[in-house]
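As you go down the protein sequences, you meet chains A and B in turn. Position in the first sequence (from 1) plus 12 gives the number in this note's numbering. Position in the second sequence (from 1) plus 39 gives the number in this note's numbering. We put the beta carbon where it would ideally sit given N, CA and C, even for glycine. Report on one structure; see the data block that follows.
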Amino acid sequence: MVLEIVVMIKQVPDSQEVVIDPVTFTLNRSAARNVINPADENAIEAALRIKDKVGAHITVITMGPPFAESALIDCMSRGVDDAVLVSDRAFAGADTYPTGLTLAACIKKLGKYDIIFAGEESTDSSTGHVGPGVAEFLGTDQASYTSESWYDNGFVYAKRELEDGTEVVKMKPPTLITVLTNANDPRRATLRMKIDATKKGIKTMTLADLGMPPEWVGLKGSPTVVKSMKAIDEKKREGKKFKLEEIPKLVDELIEKKIISI
Amino acid sequence: MVGLINAVPPENLEDFKNVFVFIELRNGELSRPGLEMIGAGLNIARKANEKLVGIIIGDNLEKLADEAGSYGCDIVLGAEGKDLKEFRTMPYSHIIGEFINEFKPNILLIPATRNGRDLASRVAVKSKAGVTADCTELDIDLNGRILLAKRPTYGESTLAEILCRRHRPQMATARPGIFKIPEKEEGRTFQKDIRKMQIPEEMMGKEIIEFIPKKSLDLTAAKIVVSGGLGLSKPQGFAVLESLANEIGGVVGASRPTVDLGWIERDHQVGQTGQSVRPDLYIAAGISGKIQHIMGMKLSKNIISINTDPNAEINQYSDYIINDDLYKAVPALTEEIRRRKEAKK
Numbered sequence: 013m014v015l016e017i018v019v020m021i022k023q024v025p026d027s028q029e030v031v032i033d034p035v036t037f038t039l040n041r042s043a044a045r046n047v048i049n050p051a052d053e054n055a056i057e058a059a060l061r062i063k064d065k066v067g068a069h070i071t072v073i074t075m076g077p078p079f080a081e082s083a084l085i086d087c088m089s090r091g092v093d094d095a096v097l098v099s100d101r102a103f104a105g106a107d108t109y110p111t112g113l114t115l116a117a118c119i120k121k122l123g124k125y126d127i128i129f130a131g132e133e134s135t136d137s138s139t140g141h142v143g144p145g146v147a148e149f150l151g152t153d154q155a156s157y158t159s160e161s162w163y164d165n166g167f168v169y170a171k172r173e174l175e176d177g178t179e180v181v182k183m184k185p186p187t188l189i190t191v192l193t194n195a196n197d198p199r200r201a202t203l204r205m206k207i208d209a210t211k212k213g214i215k216t217m218t219l220a221d222l223g224m225p226p227e228w229v230g231l232k233g234s235p236t237v238v239k240s241m242k243a244i245d246e247k248k249r250e251g252k253k254f255k256l257e258e259i260p261k262l263v264d265e266l267i268e269k270k271i272i273s274i
Numbered sequence: 040m041v042g043l044i045n046a047v048p049p050e051n052l053e054d055f056k057n058v059f060v061f062i063e064l065r066n067g068e069l070s071r072p073g074l075e076m077i078g079a080g081l082n083i084a085r086k087a088n089e090k091l092v093g094i095i096i097g098d099n100l101e102k103l104a105d106e107a108g109s110y111g112c113d114i115v116l117g118a119e120g121k122d123l124k125e126f127r128t129m130p131y132s133h134i135i136g137e138f139i140n141e142f143k144p145n146i147l148l149i150p151a152t153r154n155g156r157d158l159a160s161r162v163a164v165k166s167k168a169g170v171t172a173d174c175t176e177l178d179i180d181l182n183g184r185i186l187l188a189k190r191p192t193y194g195e196s197t198l199a200e201i202l203c204r205r206h207r208p209q210m211a212t213a214r215p216g217i218f219k220i221p222e223k224e225e226g227r228t229f230q231k232d233i234r235k236m237q238i239p240e241e242m243m244g245k246e247i248i249e250f251i252p253k254k255s256l257d258l259t260a261a262k263i264v265v266s267g268g269l270g271l272s273k274p275q276g277f278a279v280l281e282s283l284a285n286e287i288g289g290v291v292g293a294s295r296p297t298v299d300l301g302w303i304e305r306d307h308q309v310g311q312t313g314q315s316v317r318p319d320l321y322i323a324a325g326i327s328g329k330i331q332h333i334m335g336m337k338l339s340k341n342i343i344s345i346n347t348d349p350n351a352e353i354n355q356y357s358d359y360i361i362n363d364d365l366y367k368a369v370p371a372l373t374e375e376i377r378r379r380k381e382a383k384k
C-alpha cells in the first residue's frame with residue numbers, strides 16, 4: 013500500500029521584500045510578493061525525500077484566497093502529486109483554532125493519511141500552533157521542530173532539535189511532523205513539471221464541501237481577538253560617530269554608562 | 040483527541056479561577072523558562088487576588104514541588120510517574136487537559152520553549168481555549184479577569200494585544216528570557232498535590248530512542264554579542280571577532296549570509312531565521328543591516344556599528360558608529376579593552 017503524505021502550506025508576504033516604514037516602524041507588506049512560507053518549503057522537501065526513498069503519494073493543501081493556487085502549482089512542479097485549495101470567504105479572520113479545524117476537516121475528507129507535514133511556523137504570524145493543533149483534532153501523534161525525518165519498516169522517525177540537544181523519536185503512523193526552517197535544501201521546480209502541473213490543476217474545497225457550519229470557522233470561530241496593534245516604541249538611537257583614534261573615548265563612555273565592565 | 044468540533048465557550052465563566060503555570064523541567068530540574076512562568080503568573084495572581092498554581096510533570100517530584108513552592112506557588116500540582124520523566128506530547132497534553140477539566144483555571148501560562156509550544160498548541164485545542172503565542176507582556180484586566188496578552192508581531196515591529204473573552208482557560212505561551220524569576224523564600228507555606236500516574240501504553244505516543252545533548256550556543260543569554268557580516272569578506276574574519284568577544288566577555292554572532300556561506304555554524308545566526316537577541320551591547324561588524332538581521336537585534340540596549348559604508352542601513356539603528364575598516368577598528372577596540380584590564384590589575 014502506498015504511503016499517503018499530506019503537506020500543509022501557507023502563503024506569506026516575502027520578507028525579503030518587506031520594508032520597515034521609517035515613520036511608523038511597522039512593516040509595509042503591501043509591496044511584497046506572496047511566496048510559500050519558508051519553513052513550508054522545507055516541509056515539502058522533507059515529504060519529497062520520503063517519496064524518493066520509499067515511494068509515496070503526496071497531497072499539498074492550503075487554506076487561503078484563490079491566488080494561493082500559484083503556490084500549490086509550484087509544489088506540484090517539484091514532485092507533489094495533488095493539491096487542494098481550501099478556500100471560502102467564511103474562513104477569513106481565523107485564528108489558530110479554526111485554521112487547524114478547517115485543515116483537519118480537509119485532511120479527513122481526503123481519506124487515508126500516514127504522515128502530515130507542516131512548517132514549524134509561518135513568518136507572518138509565527139505561532140507554530142496550527143500544525144500540532146491539527147494533530148490534536150485528528151488524534152495523531154506529533155513531532156515538532158524536526159531537522160530530519162524518514163520512514164522505515166512501518167515506522168516514522170524524526171530528529172527534534174531542542175534547546176539542549178537533539179531527540180530522535182520513533183512513531184507509528186499516522187503522525188504529524190513540523191519541519192524547521194533551513195532543515196534541508198528545497199529542490200526547485202523544473203519547466204517540464206511546471207507545464208504538467210498546470211495542465212493537471214488543483215482541486216478546491218469550500219466550507220460546504222467540509223460540511224461545517226459557518227460559525228465554526230473564520231473570525232466567528234476564533235476564541236482570540238486582536239484588541240490593538242501598536243508600533244513598538246523604538247529607542248531613539250543617537251548614532252554618535254567615533255574615529256579610529258577615538259576608540260579610547262568610546263570605551264570610556266561604555267564603561268561610564270555601565271554598558272561594559274572591566 | 041478533541042475531534043472535529045468548534046471552540047464552544049463554557050457557559051459559566053465564573054467557574055474558572057486562579058492562575059496556573061506550567062513549570063517545565065529540564066534534566067530533572069526546574070528550568071529557567073519554567074521559573075520565569077512563576078514570575079509572570081505571580082504578578083497576575085496577586086493583582087487579581089487569586090491563587091498561583093504551578094504544574095509539574097515528571098518523576099520524583101517531591102523536592103521539586105518544594106522548590107516550586109519556595110518560588111511563590113500557592114499550590115503545586117504534580118503528575119508523577121516513571122514514564123513521565125521525559126517530555127512527550129501525548130501524555131503531557133493529556134494530563135494538563137485532565138487538570139483543566141478538574142480545576143478550571145482562568146489563566147494558563149506555558150513557557151514558549153520548543154516543548155512548551157508543542158504542548159500549548161495541543162492543550163489549547165483539547166480544552167477549546169484561546170492561546171496567544173510568544174508573549175512578552177502579560178497583565179490582567181480585573182474587570183472580567185481578562186488576560187491581556189501582548190506579543191511582538193510582523194517581525195518585532197508591532198506589539199499586538201490579544202484577548203480571549205469567552206473561552207477558558209485563557210492561555211498564553213511566554214517568551215523565555217523576558218519575565219523575572221521571583222526571589223526564593225524558604226519555608227513559605229503552600230499546598231502540595233502530587234499524584235502518581237500510570238499512563239496506558241497506547242496513550243504514550245512516540246518513543247524517544249536517543250537523546251544527543253548539545254553544547255548549543257544560546258545567544259539570547261549573552262550580555263554582549265559581537266556579530267560579523269559579509270563585510271568580513273573571509274571566514275577567518277570571525278577569529279578577529281572572537282578575540283574581541285573573549286576580551287569583552289561576549290559571544291560571537293553572525294548575519295545569515297555568512298552562515299549560508301559556511302563561514303560559521305548556524306547556531307551563531309542572529310535574525311529572523313536565527314536567534315532574536317536583546318543584549319546590553321550588540322556590536323555589528325561589517326553588517327549592512329538587512330531587515331531580517333535588524334529584526335533579530337534591534338531591541339538590544341546599545342548598538343555599535345562598525346562599517347566602511349557611512350550609509351549602511353544598520354547605522355540608523357546604532358548608538359555608536361565607527362565608520363572605518365573593521366580589521367582596524369575591531370583589533371583597536373580589543374586592544375583598548377585589554378589595556379584597561381591590564382591597568383586595573
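Test item: CB-CB of B:Ile62 and B:Met76 under 8 Å:
yes
Would A:Met217 pass as an interface residue toward chain B - the criterion being a Cβ-Cβ separation below 8 Å?
no
Pairs of beta-carbons, one from the segment 137-157 of chain A and one from the segment 183-194 of chain A, closer than 8 Å: are there three or more?
With a cut-off of 8 Å, the segment 183-194 of chain A and the segment 137-157 of chain A count as touching, because enough Cβ pairs lie within range.
What are the residues in the segment 99-116 of chain A lying within 9 Å of chain B by C-beta distance?
Asp107, Thr108, Tyr109, Pro110, Gly112, Leu113, Ala116
Run through DSSP, which three-state label would B:Ser132 get?
In this structure, B:Ser132 counts as helix in the three-state DSSP scheme.
Expressed to the nearest angstrom, what Euclidean distance is found between the alpha-carbon atoms of B:Leu91 and B:His206?
Distance from the CA of B:Leu91 to the CA of B:His206, rounded to the nearest whole angstrom, comes to 20 Å.
Give me, in chain order, the residues of the same chain whose beta-carbon lies closer than 8 Å to that of A:Ser234; leave out the 5 immediate sequence neighbours on both sides.
Gly105, Ala106, Asp107, Tyr109, Pro110.
Three-pair Cβ contact test at 8 Å for the segment 127-147 of chain B versus the segment 49-57 of chain B:
yes
Distance cutoff 8 Å, beta carbons only. Does B:Met129 sit that close to anything in chain A?
yes
A:Phe149 - containing alpha helix (DSSP H), residue span
142-150
With 8 Å as the C-beta to C-beta threshold (strictly closer), list the residues of the segment 238-252 of chain B near chain A in chain order.
Gly244, Lys245, Glu246, Ile247, Ile248, Glu249, Phe250, Ile251, Pro252
Identify whether B:His307 lies in helix, strand or coil by the three-state DSSP scheme.
helix
May I ask you to list, following chain order, the residues of the segment 164-196 of chain A that have a beta carbon less than 7 Å from some beta carbon of chain B?
Leu174, Glu175, Asp176, Gly177, Thr178, Glu179, Val180, Val181, Lys182, Met183, Thr193, Asn194
C-alpha gap between A:Pro198 and B:Ile217, whole angstroms:
34 Å
Please report the distance separating the alpha-carbon of B:Gly288 from that of B:Glu381.
So the two alpha carbons sit approximately 15 Å from each other.
Which class does B:Tyr356 belong to by DSSP, given the choice of helix, strand or coil?
helix
How far does the beta strand (DSSP E) with B:Asp173 in it reach, from first residue to last?
Element bounds for B:Asp173: 169-174.
Sort A:Val18, A:Lys65, A:Tyr125 by Cα distance to A:Lys165 and report the nearest one.
It is worth fixing the name first, because residue 165 of chain A is Asn in this sequence and not Lys. The option with the nearest alpha carbon to A:Asn165 is A:Lys65.
Beta-carbon proximity check, A:Ile48 vs A:Ile21, cutoff 8 Å
yes
How far does the alpha helix (DSSP H) with B:Pro48 in it reach, from first residue to last?
Neither: B:Pro48 is in no alpha helix (DSSP H) and is coded neither H nor E.
Taking only beta-carbon atoms, is A:Leu122 less than 8 Å away from chain B?
no
Under 7 Å Cβ to Cβ from A:His141, same chain only, skipping five residues before and after it: list those, please.
Thr108
Taking only beta carbons into account, state which residues of the segment 43-55 of chain A come closer than 8 Å to chain B, listed in chain order.
Pro50
Compare the C-beta of A:Arg200 with all C-beta atoms of chain B and state if any pair is closer than 8 Å.
Using a CB distance cut-off of 8 Å, A:Arg200 does not count as an interface residue toward chain B.
Run of the beta strand (DSSP E) containing A:Ile127, from where it starts to where it stops
127-131
Taking Cβ to Cβ, would you say B:Arg71 is nearer than 8 Å to B:Ala151?
no
Is the CB-CB distance between B:Asp306 and B:Gly117 below 8 Å?
no
Just mark A:Thr158 as buried or exposed, buried being the case when its beta carbon has 16 or more other beta carbons within 10 Å.
buried
For B:Gly111, which residues from the same chain have a beta carbon less than 6 Å from its beta carbon, with the 5 sequence-adjacent residues on both sides left out?
Ile77, Leu81, Pro221
Where A:Pro226 and B:Glu50 are concerned, what is the direct C-alpha to C-alpha distance, given to the nearest angstrom?
21 Å
Quick one: grab the DSSP three-state call for A:Ala68.
coil
Inter-residue spacing [alpha-carbon to alpha-carbon] between A:Ser161 and A:Leu192
Taking C-alpha positions only, A:Ser161 is separated from A:Leu192 by approximately 11 Å.
Any idea which residues DSSP pairs B:Ser266 with across the strands?
B:Gly292, B:Ala323
Run the CB neighbour count on B:Gln311, radius 10 Å, all protein chains shown included, and call it buried at 16 or more, exposed below.
Around the Cβ of B:Gln311, a 10 Å sphere holds 16 or more other Cβ atoms; the residue is buried.
Would A:Ile127 pass as a contact of A:Val92 if the rule is Cβ separation under 8 Å?
Note that the C-beta distance between A:Ile127 and A:Val92 is not below 8 Å.
Local Cβ density within 10 Å of B:Met336, reported as buried at 16 or more and exposed below that:
buried
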